[in-house]
Structures are given as structure tokens and as C-alpha cells.
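**Q** In the order they appear, the protein sequences are chains V and D.
With our numbering applied, the first sequence corresponds to residues 1 to 651, in that order.
With our numbering applied, the second sequence corresponds to residues 652 to 1302, in that order.
Note that the Cβ used here is the ideal one computed from N, Cα and C, for glycine as well.
Predicted model, so just to flag it, every value in this text is computed and none were measured.
This is the structure, below, for whatever I ask next.
2 protein chains.
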Amino acid sequence: SMSSVNKTVHPFDKARLDVLLNRRFFYAPAFEIYGGVAGLYDYGPPGSSLQANIIAEWRKHFIVEEHMLELDTTIMTPAPVFETSGHVARFADWMVKDTKTGDVLRADHLVGGVLEARLAGDKEARGLAAQPPKEDEKKKKKKVKSVVVQLPDEKVKEYEVILAQLDNYSGPELGELCREHDIRNPDTDNDVSEPQQFNLMFASSIGPTGQHPGFLRPETAQGHFLNFSRLLEFNNGRVPFASAQIGRSFRNEISPRAGLLRVREFTMAEIEHFVDPADKRHERFHEVRDVVLSLLDRHVQTGGSTKVTAMTIGDAVDKGIVANETLGYFIARIYQFLTKIGINPARLRFRQHMANEMAHYATDCWDAEIENSTGWTECVGCADRAAYDLSVHSAKTGHPLVVRQALKEPIVTEKEVAELNKKLVGKTFGRDSALLQKIVAEMDEAQLLKLKGEVAQGSAIVSAEGKEFKLTPELITIERKTLKQSIREFTPNVIEPSFGLGRILYTLLEHSFWSREQDVERGVLSLPPVVAPTKVLIVPLSAREEFDPLVKEVSSKLRRAGIFSRVDDSNTSIGKRYARNDELGTPFGVTLDFASVQNRTMTLRERDTTGQLIGSIDEVIAVVTELVQGGLDWAEACRRLPAYDGIQAVD
Amino acid sequence: SMSSVNKTVHPFDKARLDVLLNRRFFYAPAFEIYGGVAGLYDYGPPGSSLQANIIAEWRKHFIVEEHMLELDTTIMTPAPVFETSGHVARFADWMVKDTKTGDVLRADHLVGGVLEARLAGDKEARGLAAQPPKEDEKKKKKKVKSVVVQLPDEKVKEYEVILAQLDNYSGPELGELCREHDIRNPDTDNDVSEPQQFNLMFASSIGPTGQHPGFLRPETAQGHFLNFSRLLEFNNGRVPFASAQIGRSFRNEISPRAGLLRVREFTMAEIEHFVDPADKRHERFHEVRDVVLSLLDRHVQTGGSTKVTAMTIGDAVDKGIVANETLGYFIARIYQFLTKIGINPARLRFRQHMANEMAHYATDCWDAEIENSTGWTECVGCADRAAYDLSVHSAKTGHPLVVRQALKEPIVTEKEVAELNKKLVGKTFGRDSALLQKIVAEMDEAQLLKLKGEVAQGSAIVSAEGKEFKLTPELITIERKTLKQSIREFTPNVIEPSFGLGRILYTLLEHSFWSREQDVERGVLSLPPVVAPTKVLIVPLSAREEFDPLVKEVSSKLRRAGIFSRVDDSNTSIGKRYARNDELGTPFGVTLDFASVQNRTMTLRERDTTGQLIGSIDEVIAVVTELVQGGLDWAEACRRLPAYDGIQAVD
């Protein structure tokens, strides 16, 4: 049974996993034979299938289940769009250059790396244990070698304060820190330049004249916002609704180093849920209310702690820790999705952004962070972008991006309305008429009532900018009027769950990897069937022709059942073929041998336990179909079919 | 029944289709609220679903069915890759500029458009019918208004010759034609500049220093070639095998104008089938041998005709019209795929490229061309790229991109092998030893035999570059030796089926569109269930709460059966809701009304015939599931369930 498999007897070994992923071509550096380019990776057959299966499950879990409106918008984007969205001005990092070699470094990573190395050297000089590595992947920087030198106590304190608020410094402040603390390029010991801002979008130009600058999108979101009116119309004018898009985005990272966790080109899956700002309830919230999550809110972090609290999402919303039902609903649905595809729930937390780390468009944000060998990594962001994007695009283009809602009960209001006799006013006050109009237009209810009373008694004086106007009943009429508003117009708010699929894929590989107890070299990827690249391996005992009809039969029956299988008729032992497929994460294998030819029996092997069952070909196909579809677990399968002891009757 | 529906009573009206596609948000110009950008389009919900379904079917038809190795490689590509592949030098069009306005025009389109307009004006002046429009979409250019002027007979002839070989002219020749024939910008009547080459790749740069120029890929193919060694290893070192990739590519077209048929960013699906150049048979060719295709080979075209020949692919390969089984196999499989998703086979032909129009890497190419309102459009290319790409990348990088095949029977050869006594040679000839070595190394079998005889008789003289060497048995030994070659090494050839999914999607929409006989305003898209965005529309009679449990039941039962449905509970008549879904191509609809609540019955409507059947909810779900999965047609469904006459018993 499953419980007899010890998956943790060997400690996790990232180097071993990397070798496996490379050897089995899950992914590899792009343009490898040209020397590669940092931050660009190609997915090979198992990586592509794993990604395609994660996407298919994502589509089912979100788009189909929630009837979202799918979009496919362009990557190439004219510059004005990102000027409006704020990305041209603010989607940037600060970089410095080595003054002699010209090497480029991210300024915050440089300062952080050097000061941390000095603190580590100090600790060692004081005979203290080395500090555990910082846990936030975002702050990961090139490891700087520490030198064992004790620092004055006040220096230690000063460095710790700087490190705690590293995300808070502006570029010039980072430059000042470099000068003040003699921070140089640790690779060369050379001085570095003043920090310069470097925009993370890849630039290009559209059309043959070079006059239309464009950028590759750094997120798919703008494509949703620009199509808002069409989407709203498609949804019969009603909110809430969500659009969804899966596609490639680009960020020209200054010096990517962390494998699939920080890349320059990546596949995202983004949802933009458009909701009435006055009503952020969610009609399906009751379905997820009892989901228990590990939450790390901003108050706990500001208090200097990273201790998570286990809590139902219902409680979190009730207590105001998570702002509203819609945000809470998506956080719970993200949790369900990630754990369904195989992320270890014990290594998954939701961390709220602190005020200073939020993207320029967000008003609140919770990240799904997944723990892996590099620390806690943001894999899904769940941001409340409020009305930011729709408002700025609408203001820039003049195209209204609003919902117009017929009010069930028109709102009836009464108020004082002033009307000037324009002809007479012009005759009386000439050029100053415009000023008078402005004064009257800006009057509130109380001022109008007062003026009305005075005019009714003959005349009134109003004044501004040193000018005086005497108003009589001939010049102005002030009356109480009834106003009826039957349409409510508002800019919807946007809740945005945004998935980095490469990061999810990589952390899933880490969570799935272990080595067999008896042999650390025999790696296994325990990917759940729902995402495993191949579901069933078909293994004919040998490449002899008499197996061909059976292989074809099994293969086509599995295909008809919707199960993706592969045949391995390579010229090696069955054990080696299974070992190869353990590395590929293939959950089940069926073996065809001479007994199959004679008796139409087939054996069924489970990857994690390596347990084997036997049955007729059709029985085994029925059982493995249910196993793959999730309707049956291995323990149950063991009750349905007899165990295979390795000996079959052959006449 | 289907046969009673007349889909051609109204002639095809492109303007009407465009309005439908825009209104239902199949696709729309990207950045529309910013004024749009030529050649960039966003797909809305039905367009995205249609595309996703086409891709899913493509994956099943090619990748799963043929066990192809899927890849997902990066779009951003460092410049050296495209320098090697030839794209930096040759993936370009010639453009001219209006000398006053700076407007940019494609040189060949300008010359072609102006001369065709003059010929049309001449025809009209001679009182002849206007020429039918040219049928090749690739040569489509902006329509130039013709002026009724008769031309001298020799001018007509001259223009016709130019037009027939328009694809053959170099840039300077196009410039010469403009001067010689006074060709100016028809929009402004201004002169145009000398043609300049414009590379169609979007350029960018990678990393913060600007030192690493990159391009957005114009095809996904290079990503396959660069990973060839890894793919080969994944396939246990054996050919043939195919890799496949679905992804975005970019071409910075000079002035795109033809909607989805010529765009700057597009989704491709590409297969690279690696095959032994000495054996291009295909093991599954017999499965497609009898598929009948419309073929238009290069000889027919060179002879000035575009008359297709209907022929089985088996005959075409046997007669050498299609070069080999592998190319033929893919051509037939492309045909099967396109007709399965709904392309009209009568409007599908395979046209062989003429020598002068082939891409720089291709040695043979057949296009699947689909007829639509703009003419015949290339939608799939099926090229034999031979060993071009693997050879150039291997030569550039020094990384061998070859197959090493163990020979079953080693090739045994005998030949004369000469060996110099190096020590003695050095002592005897000093500095001239190297020259002697060169002379001997370059000798062929006959020369060696002659030398062997002479040396055996005492000594021989060889000479070169004015130097003479006297060779004795002490200085040289020549012996007959047996050599055994057990490995064969070769660069595989590549057969490349390359699909432009946007073009296929658009032509499919044209082939699917018609208007109801009784009302031309009532458009229908007869998309086959396999690709239709929504398979089943669920229509509750009204939004009353009593329908909710039934709607949920039907919706979840269909979901469990794997059928994608949508609920339309909008506040309009059932007729309007069905009409909307006819425009969206939804093949089936089920209606829940008061009888459903009372009797658990449901009606089932078919889109094309508008025929309706009735049955219990579970019966209807079973029937519609089979209809969607293709196991049942509507005629058969009509035998399974009674017709619905619009009246249901309600107590």
C-alpha cells in the first residue's frame, strides 16, 4: 500500500533533481548550443505536457467551472497603452554598472548581498552560528562570499536596519548607501556607478517606419481592460463577471539567475474579475467558507514576524483579515487548484503584501507563496486593482469603461437649481459674466437657499476675485426642483488572480521528487495522474512482432477511454524502462508478455509503491482508466485485482 | 432533416459576416480604444474558444495520434540564431516611400497594383469585360482605382509579362520598373523612393546593457532545430520522429490590410518530422493511400494554368508528383484535419510552390490553400527543408546535429594504406617532411598501388612544389588493409507541416456562415460540434427561481459528460436567445420550461434545421452527448426521440 513507501528517507537534493530534469528534458536553457541566454528556457516533451496538463486543469477549474470569458490578446502593445497604465514610468528596477568592466548589477541586490555578507562574517568572527538564509525568494541575490571580520556593534545595528527596509529605498538612496558604506562590485572589487532606472519591458517598434514604439506586455491584464466594453456587452451588460487569459508575457530582468523562478519570458494565466465596488460579496462564497488556509497578514509582518495562522477563509473574511468575499473566494479557489495538481498544502501559504511592496496599480494583494529549496516563492498573486486601470484608460481615451445599471427604484432627489438670464447678465456685466457663472455654479445648497431669500427680497450682492455683482430677480431665478436618477453608472473594481505557470510547475516538480529508499540514484516524480505527462506506459516484454497486435489494441483502447499512453519498446530491460518512467512521473505501467499473448492477461504497476496487479486486458484497462480519472485509488485497485507475484502460467 | 435546409439561398456576404463576428466578439482590432494598430487582433470569448478547440483537435489529430514530441520554446531569440538560419539576411520585403508624405508601400504590391489598374482601364476602354480578380491571396494588394485609357498593344503585352513574374524581381529591378513605367503612389500621385529592404522580424534587445540584440521569432521552427540533439536522445537515438509546437510568432508586415489573413502576431502549430534522407517511406502511409486530393503541381502552373487534378495521394506519390511517402502522408493528414474541423473539401487544394517562390530554406513545398472571399489563401505549408537548418546550425556552433546509427551489417572495405617511418623521414628530409606527408596523404588508390610496386622493387621518386623525394622500403610501408565501418552518421532531413491557425479559423468562419432562407438578417455559423465554442445552450424559460435546481442539474450532468455548456437566462425571448446562439455557432440547445419542472422533460433543438425533439432530461442528455461526441447524427437522433410540436402537457 501507499503508506509503506518512505519518500523522505533521503533528504531533498536539488542538484539530483536538476540532473534528472535536464536528462529527461523537462526543460533546458534555450539556445543552449549557442551558449544560452540567461532567463530563457525551452520546455521539452515532458515539461510541455506537464505544462499543457496544468493549463487544461486550470481551464477546467476556473474558466469552465465559473463560466469565465476567455480572451486571447496580443503580446505586442503600442507604447501609449503602457504610458497610461503607468508601466513606462514605474515598471522598473534600479541598476548600477561596474565602473571598469561595465557589468550590470541590480542596485538593491548589490546592497543587500554585500551587507548580508558582512553580517555573516561578523557573526562568524564572534563565534556565532551562521544566520539561516533569508526566506523571501524575491530578495534572492547573487551569494556574496563573506569575510570573517568583526564589526562594531553600532555598524551591525545599522546594517540590520538597512536590510529590513531594502524594498523601501529609492535609486538615489541606494547610490548614497553604496558611497557611505563603501559598497563595491564583489566580483571585481571595483566601484559602481550611480543607480539608473532600467525599465523591465522589452521594447520594439511596430511597422516599417520605426515611428510606432511598442513593448512586449509584462502581464496579460491590459488586454482584458482595453476590451472591457466588449466583454461587458457579451455578458449582457451585467457584473460581476470574469475574463481569463492564458498567454506569454515578458520581463527583461536585469540578471536572472534562479532557473524557472525568475525568467525573461513566461506563461501566465490571469483572471480579471469585474465587480461592483459597492457589493463585493460572491454568490458561491458559501462553497469555500470552510476551506482552511495558512495566512500571513501584513500586521504580523509589520510586527517583524512571519508566523502563519491557520484559519478558515470564512473566518478570515468575517474578521476583516481578508477584505471581502470575492477576494476570499479566489484565495480559496487558488488553494484548491494548487493542491489538486499536487502542491503540498503544508508548504503553501497566503501572504499579504505590505504597503510599500505593492505594485503601483494595487490596493491590496495576497500572494500564494510556495516553499521550495530557495525559500518561499510567490507563485500566484491575488490583487485588488480597484478601479485603477479602467479609470486611467478611460480618462486617456475618452472611451467610457463603466457599467450602467438600471435602478429598480429611481433615486428621486429635490434640490435648489439656479438659472441666470444669460442675455441680461451679458448686457449687465460684460466680460465678468463668466466669473459670475462660476460663482453661482460652485454654490452649495445652503448658499443657494440664502441667495434665494435675499433675491426674493429685492437684490443680493455676490463677490469674488475683487469683483462685486448685484443680483436681482430679473438676473437670476432659483427654484426647488425634483430630479430623478434611473441609471447608476460606476467603474467596476477588479480582483486579479494572476498565476505564474513556470513557477508553479517548478515547485510542483520539487514537491514531487524523492529517491527510492534502497537506492538514492533511483529518482521518482510522484506527479498526480491529472498532470502527469504520460498516464500509462505500455511495456511489451520485447520488440518481437507477436506483441504488436496487443500493443496496438491496448494503445487504442486507452486512447478511446481518453487516457494518454506511450509505448516503450526500447531495447532495454523492463526494470530500466520503468525506472526511466518513474523519473518522468508516469503513474502507471502495463506490461505485455508471453502470457498476454496466450491468456490475454496484463500486469498493472503503480509508480510509487512499485506494486503490481494482474487481470485480463479489459479488466486492467477499466481499472487504470478509473485510477487516472481519480475515481479509484491504488488501495481500492488492490482489492479489485489480484496481486502479481512475478510468475505467470505459460503453457 | 438536414437536407431540407437551404444554406445557399442568399449569396455569401462578407460585410454581413464581419458585422456578426464583430458584434459577437469573435475578434476585434487590438487596442481599439487607442485607435487600433494594423495587423494586431484580439480574440474575444467565442474566438478564443474556437481557437482553443481547433488547437485541442490538432493536438489529438497530430501529437497524440502520432506520438509526437511536444515542445514549448521561447519567442525571444538572440540575433546569432537568425543570422545562421538566414532570416537576418533574407527574411525581408522591398518597400518604397512616398517622396513627399513618407508613406510606406510594399514595392511589389505597388508595381502590381498600378499595372493591373492600367490593364483594367485598357480593357474597359476596349469595351471588354473587366478581368476577374487575381486569385492568389499572397499577391493581394491595395486596390488601385483604374482609369479608362486604352494602351498600345505592345504595352499591354509588356505589363502582362511583368505581372506574371512579379515574384521574381529584385528590389533594384522593382525600382527600375517604377522609373521606366512612371509608377507613383496611387493615393497621392507622388514619386516613390528607391526600394529598400525591410526585414520582417521585430527587433529588440535582451538584458540591460543593450549589447544582446534579439528578434521575436517569425516561426517556431528554429526552437525545434536547436533542441534536435535532446529530442533525438529522448527518442532513444532513433529516427524518424516528429516534434510539434503550438505558439505565437511575429512578422512585422509592412502594411497589413487583410484582417486575420495577414497579421503581425499569430499563433502557429508546427511539426518538424526528422527523417533519414535515404529512406523517406512512412510506416502509416497505407492508412492514407486512398485519400483523394485536389492537387496543383508546379508543372501545371509553369504551363500557365491553375487547373487542379483530383487524385489519390497514393497515385500522386507513385507518379512522383509528390516526392515521397512522408511528404504525401502529411499532406493527406492535413486534409483530414482541415475537413474534420469543418473546412469545405471542395474549396481546399494543395498547390506546389514554383521554384522562384520557395522560402530560402525549402527544397520542395506544398501549400494547403483554402478558398475564401479574397481568393485562395495559403493556410498550411508543408515544406521539405531537407538538411538545411540542422547543417547551418551545426556548422556555426560546432555542435553535431546528426543521427548515429549502428549498422546491422558493418560495411567492410579493403584499401591500400601507406605509413611513413616518421623518425627516419624527419632525419632524411628535415623541414620538407611535412610536404612529403601531404603528398602521400593525397594519393588515391591507383597512385598508392603504383608507388607500392615501385618501392617493392627498391625505390621510387615522388615530387611536388619543385621538391623530389626518393622513397625506399625503410621510409614507407604500403599495405592492403581491411576497414570495418559499424556506425552510419547522417544529418536527417526535415518535413515541416506548418499551420497558420488564424487563417484556418477565419476561412472556417467563412465556410460556416449562411443566412436563414426566410430572413437574410438571421445569420448562422454552422461550426461542427468538435470546434464550436459552446456545445449546448441551456435555456430556462425565464429567470424564475423554480428553474434554478433544474438548470444546475443539467449543467452539472453535461459537465460530467465532458460537454461544455452555457446557460442563457437573459431577459429576452427564447427565440432571440437561440438566434444569438446561432450566430455563435452553438450546435444544440435545451429548453427548460414549466413542463420540465412538472414532468422532468426537456426539449432539444438543432441549430441548422431548428428542429426540436423532446424527452426526459436524462434521455436528452444522453442523446446530446452522443451528438456532440460525433457518435450520432441529427437524423439518427430524430429516430431516437419524438419531435416536439411546441405544446407540452402541463397540469
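Would you kindly report the start and end of the unbroken beta strand (DSSP E) that includes V:LYS660?
**A** Only positions 1 to 651 of chain V appear in this structure, which leaves residue 660 of chain V out of reach.
**Q** Kindly indicate which three-state DSSP category D:SER856 falls into: helix, strand or coil?
**A** By one-based count along the second sequence, residue 856 of chain D stands at place 205. Three-state DSSP puts D:SER856 in a strand.
**Q** Whole angstroms is fine: what's the gap from D:PRO731's alpha carbon to D:ASP1040's?
**A** Locating residue 731 of chain D in the second sequence gives position 80, where the first residue counts as 1. Locating residue 1040 of chain D in the second sequence gives position 389, where the first residue counts as 1. Roughly 14 Å between the two C-alpha positions.
**Q** Does the structure place the region 930-946 of chain D close enough to the region 977-991 of chain D that three or more beta carbon pairs sit under 8 Å?
**A** Flag = yes, the region 977-991 of chain D and the region 930-946 of chain D touch.
**Q** Residues of chain D with CB closer than 8 Å to the CB of V:GLU287, please, in chain order.
**A** As a position in the first sequence, residue 287 of chain V is number 287, starting the count at 1. Near V:GLU287 there are no residues of chain D at all, since even the closest Cβ is about 12 Å away, more than 8 Å.
**Q** Going by the DSSP bridge assignment, what does D:ARG1055 pair with across the sheet?
**A** Within the second sequence, the letter at position 404 stands for residue 1055 of chain D. DSSP lists D:GLU1140 as partners of D:ARG1055.
**Q** Label D:LYS1186 either buried or exposed according to how many other C-beta atoms from any shown protein chain fall within 10 Å of its C-beta, with 16 as the threshold for buried.
**A** If you number the second sequence from 1, residue 1186 of chain D lands on position 535. By the 10 Å Cβ count, D:LYS1186 comes out buried.
**Q** Against V:THR397, what residues of chain D qualify as contacts under a CB-to-CB distance less than 9 Å, listed in chain order?
**A** Looking up residue 397 of chain V in the first sequence gives position 397. In chain order: ILE684, TYR685, GLY686.
**Q** What residues in its chain sit with their C-beta under 7 Å from that of V:ALA125, if we drop five residues either side in the sequence?
**A** Numbered from 1 along the first sequence, position 125 holds the residue referred to as residue 125 of chain V. Here the set comprises VAL148, VAL149, GLN150.
**Q** Put D:VAL1303 into one of helix, strand or coil per three-state DSSP.
**A** There is simply no residue 1303 of chain D to check, as chain D begins at 652 and stops at 1302 in what is shown.
**Q** Spatial neighbours of D:SER668 within its chain, please: CB distance less than 8 Å, with the 5 preceding and 5 following residues excluded, ordered by chain position.
**A** Taking the first residue of the second sequence as position 1, residue 668 of chain D is located at position 17. One point to set straight first is that residue 668 of chain D is Leu, not Ser, in the sequence displayed. Within the same chain, D:LEU668 has close Cβ partners LEU1160, GLU1161, PHE1164, GLY1174.
**Q** Can you name the residues of chain V whose CB is closer than 9 Å to the CB of D:THR871?
**A** By 1-based counting over the second sequence, the position of residue 871 of chain D is 220. The premise fails here: D:THR871 is roughly 11 Å from chain V at the closest Cβ pair, so nothing lies under 9 Å.
**Q** Starting from the C-beta of D:GLU1105, find all residues in its chain whose C-beta is less than 7 Å away, skip the five residues before and the five after it, and write them out in chain order.
**A** Walking along the second sequence from the start, residue 1105 of chain D turns up at place 454. Once the five neighbours on either side are set aside, the close Cβ partners of D:GLU1105 are ALA1111.
**Q** By Cβ distance, which residues of its chain are closer than 7 Å to D:LYS970, with the 5 residues on each side in sequence left out?
**A** The residue you call residue 970 of chain D lines up with position 319 of the second sequence. Once the five neighbours on either side are set aside, D:LYS970 has no close Cβ partner at all.
**Q** Compare the C-beta of V:ASP315 with all C-beta atoms of chain D and state if any pair is closer than 8 Å.
**A** Position 315 of the first sequence, counted from the first residue, corresponds to residue 315 of chain V. No, no contact with chain D.
**Q** CB V:ALA117 to CB V:SER146, shorter than 8 Å?
**A** Along the first sequence, one-based indexing puts residue 117 of chain V at 117. Along the first sequence, one-based indexing puts residue 146 of chain V at 146. Going by C-beta atoms, V:ALA117 is nearer than 8 Å to V:SER146.
**Q** Using a Cβ cut-off of 7 Å, pull out every chain V residue sitting near D:LEU881, in sequence order please.
**A** By one-based count along the second sequence, residue 881 of chain D stands at place 230. One detail in the question is off: residue 881 of chain D reads as Arg in this sequence, not Leu. Simply PHE25, ALA28, GLY44.
**Q** Does the beta carbon of V:GLN598 come closer than 8 Å to any beta carbon on chain A?
**A** In summary, chain A is missing from the structure at hand, where the protein chains are V and D.
**Q** To which residues of the same chain is V:GLY646 closer than 6 Å at the C-beta, ignoring the five residues directly before and after it?
**A** As a working mapping, residue 646 of chain V is identified with position 646 in the first sequence. Contacts found: none.
**Q** Can a CB atom of chain V be found closer than 8 Å to the CB of D:HIS712?
**A** As a position in the second sequence, residue 712 of chain D is number 61, starting the count at 1. It does not; no Cβ of chain V falls within 8 Å.
**Q** Which residues bound the beta strand (DSSP E) around V:SER515?
**A** As a first step, residue 515 of chain V is located in the first sequence; it is residue number 515 there, counting from the start. 513-516 is the span of the beta strand (DSSP E), which, as asked, contains V:SER515.
**Q** Quick check on V:GLU653: does DSSP put it in helix, strand or coil?
**A** Residue coverage of chain V in this structure runs from 1 to 651, which leaves residue 653 of chain V outside it and unanswerable.
**Q** Please go through the same chain and pick out, in chain order, the residues whose beta-carbon is closer than 7 Å to the beta-carbon of D:SER900, but skip the five residues on each side of it.
**A** Taking the first residue of the second sequence as position 1, residue 900 of chain D is located at position 249. Closer than 7 Å at the Cβ level, and outside the excluded window around D:SER900, lie ARG868, PRO869, GLU870, THR871, PHE917, MET919.
**Q** I need the straight-line Cα distance from D:GLY753 to D:ARG830, nearest angstrom please.
**A** Numbered from its first residue, the second sequence carries residue 753 of chain D at position 102. Numbered from its first residue, the second sequence carries residue 830 of chain D at position 179. For D:GLY753 and D:ARG830, the distance between alpha carbons rounds to 18 Å.
**Q** Can you check which of these residues, D:ARG902, D:SER956, D:LEU883, is closest to D:ASP927 by C-alpha distance?
**A** By one-based count along the second sequence, residue 927 of chain D stands at place 276. Selected option, being the one with the closest Cα: D:LEU883.
**Q** Starting from D:HIS1044, find everything on chain V with Cβ-Cβ shorter than 8 Å and list it in chain order.
**A** Looking up residue 1044 of chain D in the second sequence gives position 393. What D:HIS1044 touches in chain V: ILE33.
**Q** Which runs of the alpha helix (DSSP H) at least 4 residues long sit entirely within the region 964-1047 of chain D? Give them in chain order.
**A** 964-969, 976-991
**Q** Below 8 Å on the Cβ atoms is my guess for V:GLU416 versus V:LEU436; work out the distance and round it to an integer in Å.
**A** For the purposes of this step, residue 416 of chain V is taken as the residue at position 416 of the first sequence. For the purposes of this step, residue 436 of chain V is taken as the residue at position 436 of the first sequence. V:GLU416 to V:LEU436, Cβ: 17 Å. No contact.
**Q** Please state the DSSP three-state secondary structure of D:SER700.
**A** Position 49 of the second sequence holds residue 700 of chain D. Of the three classes helix, strand and coil, the one that applies to D:SER700 here is helix, per DSSP.
**Q** What runs of the alpha helix (DSSP H), each 4 residues or longer, lie entirely inside the region 544-616 of chain V?
**A** Those alpha helix (DSSP H) runs which fall completely within the region 544-616 of chain V and span 4+ residues are 548-560, 574-583, 594-599.
**Q** Per DSSP, what kind of secondary structure is D:PRO784 in: helix, strand or coil?
**A** Counting from one through the second sequence, the residue named residue 784 of chain D turns up at place 133. Low local confidence applies: a pLDDT of 48 at D:PRO784 is under 50, so the model's placement there is unreliable, with the coordinate-based value given in what follows. Three-state result, D:PRO784: coil.
**Q** Under 8 Å, with one C-beta from each stretch per pair, do the region 230-246 of chain V and the region 708-725 of chain D reach the 3-pair mark?
**A** Two segments are said to touch when three or more pairs of C-beta atoms, one from each, lie closer than 8 Å; by this definition the region 230-246 of chain V does not touch the region 708-725 of chain D.
**Q** With DSSP run on the structure shown, which of helix, strand or coil describes D:ILE1146?
**A** Residue mapping note: residue 1146 of chain D aligns to position 495 of the second sequence, counting from 1. Reduced to three states, the DSSP call for D:ILE1146 is strand.
**Q** Counting only beta-carbon atoms, is D:ASP723 nearer than 8 Å to chain V?
**A** If you number the second sequence from 1, residue 723 of chain D lands on position 72. Yes, contact with chain V.
**Q** Check whether chain V comes within 8 Å of D:THR752, counting only Cβ atoms and requiring the distance to be less than that.
**A** On the second sequence, position 101 is the one that residue 752 of chain D refers to. Not one chain V Cβ lies under 8 Å of D:THR752.
**Q** Does the contact criterion of 3 or more C-beta pairs under 8 Å hold for the region 292-306 of chain V versus the region 85-95 of chain V?
**A** The answer is no - the region 85-95 of chain V does not touch the region 292-306 of chain V, with fewer than three Cβ pairs under 8 Å.
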